[in-house]
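Numbering (my numbering), first residue to last: 4 to 584.
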């Protein structure tokens, strides 16, 4: 009995060692699947890495994955997308021997206890000898079962990691994402259409009144051009949750002899943003001196148009015109204007009970903009956070929202009718917001800035142009969303995500860029963040994707919602987001 039990215990130890070796090999395969390529830079695109799950695509029963969006070749704006996240399944080659060894060890232990108890009686030796017969029979039966299981696995092609279990996990993930999109993110086209139409009528009245009141003879004062430009996610069909916040550009009319001067190459202004100054030309006539004293500041010995002074004038001018507009619109809605220092004014619209079927209180950010031509505008730079120092008043930020809208229109024409690219963007924005509720400060505020809506949209643009648009069909929603997450993770690890329009020569010919954008210096949108912050954001992003169903169930409950810190109450009312997103 003793040698037999020792032999069985040695078999268990060998099987446990083989299991540990198998786990180490699986860990190395998983690490290889998520390894970051060594090539870093704009011009070098990373090769898609096929990890454990990627190598399993060729096997039977994989659940029908589509070709990845990155098969169209590399893109100079960042790394290429990865394949599917590795899915680890039960390894039957290790499981059955381990189970056989454990059962045999338990049987040996039971027989040993039984033999000891029988040895205390009168027929101890005979009982021990008779007890060895069931032991041998049990061991033989377990070994036969192990061999049968191995033979059945070999006849059926072995374990299929992409089979029924992986398909079930993918189905549950898709069900959770679809439910999250339908219940919390998707906007009713009817409600959104009514809200946009009502905002357009009210803003048109206000701009018309402001233009009429601001008309003055001569070029010595600012005035409104008389039109407005709709920008932001509400007008690009990827807004989430509620149609209660809108962005409107209000172009201004400037005196001549002001020329744009890009400043990003000179090291002025915030990192990760394209900034431009409006410098007075040499030999500015003396009659423009009152305008220079009222709206210009000195920078490097030259007069530059001040964004802060223009914003202050714009706020006061709209406030003076609000009374006449409020009287004309009193039967439709009640309106008010609020402003925070250094931020565009916010127009609050409360529809009357019998006018709009939606009855939604809306906040409209009215952004003064300097037209550059070719549908390009300059607007005042916003502080990066509640505690951030104000941006230099002599610098302006660039807004290319019209070019983004043209690109989205072209993609809509080229992509399948059931394309899911905007749906992927909406779901990723929703997951980002949910995950931010469970993070602690100070990383919680940085999380939203690193993965801003503009960063997510830029990554989506880059990914869309890397592969066939047919791969973005609605059937492949989970696969394309996963590609977008992995692409963003690689960008964060490499600390590089270039502005999509500045200096990009690989755009489709149908999307013509103005000369100003073609000749502009490229800008890295992640340059404002340090390496540890981006690494932590990459880790949290991939962790959010892995645990997406759990995060949706957990943080969708109202008790987990917590308001983000804001510099003043008007920012909370307007639900501030980066402009033009």
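Backbone N, C-alpha and C fix where the C-beta goes; we use that ideal spot for every residue, glycine too.
Residue 476 is not a Cβ neighbour of residue 412, given a cutoff of 8 Å.
Contact check for residue 354 against residue 318 fails: the beta carbons are separated by 8 Å or more. In this structure residue 406 touches residue 378 by the C-beta definition: roughly 7 Å separates them, less than 8 Å. In terms of CA proximity to residue 552, 176 leads the group 104, 291 and 176. Bounds of the beta strand (DSSP E) holding residue 382 are 379-383. Counted as a single uninterrupted DSSP element, the alpha helix (DSSP H) harbouring residue 435 occupies residues 424-439.
The residue among 527, 479, 471 and 503 with its C-alpha nearest the C-alpha of residue 495 is 527.
Boundaries of the beta strand (DSSP E) around residue 399: 399-402. Assigned with DSSP and collapsed to three states, residue 197 falls in helix. Contact between residue 280 and residue 384 fails: their C-beta atoms lie close to 11 Å from each other, not under 8 Å.
Short of 6 Å from the beta carbon of residue 327, and not among the five residues preceding or following it, lie these beta carbons of its own chain, in chain order: 212.
Secondary-structure assignment with DSSP links residue 349 through a beta bridge to 341 and 368. Bounds of the alpha helix (DSSP H) holding residue 493 are 480-497. Between the segment 180-193 and the segment 433-441, the count of C-beta pairs closer than 8 Å reaches three or more; the two stretches touch. When DSSP states are grouped into helix, strand and coil, residue 301 belongs to the strand group. Nearest neighbour of residue 512 by Cα position, chosen from 414, 297 and 329, turns out to be 414. Taking C-beta atoms as the reference points, residue 441 and residue 558 count as a pair closer than 8 Å. In the three-state reduction of the DSSP assignment, residue 447 falls in the helix class, which pools H, G and I. Cα atoms of residue 516 and residue 509: separation of roughly 11 Å, rounded to the nearest angstrom.
Closest in alpha carbon position to residue 196, among 188, 238 and 230, is 238. Around the beta carbon of residue 207, a 10 Å sphere encloses fewer than 16 other beta carbons of the protein chains shown; the residue is thus reported as exposed.
Residue 527 sits in a strand when the DSSP states are folded into three classes. Residue 500 and residue 463 have their C-alpha atoms roughly 11 Å apart.
The DSSP-derived three-state label of residue 362 is coil. DSSP places residue 311 in the uninterrupted alpha helix (DSSP H) bounded by 310-331.
Between the segment 335-349 and the segment 366-374, the count of C-beta pairs closer than 8 Å reaches three or more; the two stretches touch. For the pair residue 470 and residue 341, the Cα-to-Cα distance works out to about 45 Å. Contact between residue 254 and residue 445 is ruled out by a C-beta separation of about 37 Å, above the 8 Å threshold. Counting C-beta atoms within 10 angstroms of its own C-beta, residue 304 has fewer than 16 neighbours from the protein chains shown and is therefore classed as exposed. With fewer than 16 other Cβ atoms from the protein chains shown falling within 10 Å of its own Cβ, residue 285 counts as exposed.
Proximity to residue 315 across 298, 329, 307 and 472 peaks at 298, based on C-alpha coordinates.
Around the beta carbon of residue 479, 16 or more other beta carbons lie within 10 angstroms, which makes this residue buried.
The beta carbon of residue 245 lies closer than 8 Å to those of 190 and 363 in the same chain, with the five residues before and after it left out.
Residue pairing for residue 534: DSSP places it in no beta bridge. Distances from the CA of residue 492 to each of 438, 547 and 184 were compared; the closest alpha carbon is that of 547. Among the bridge pairs identified by DSSP, residue 255 is matched with 227.
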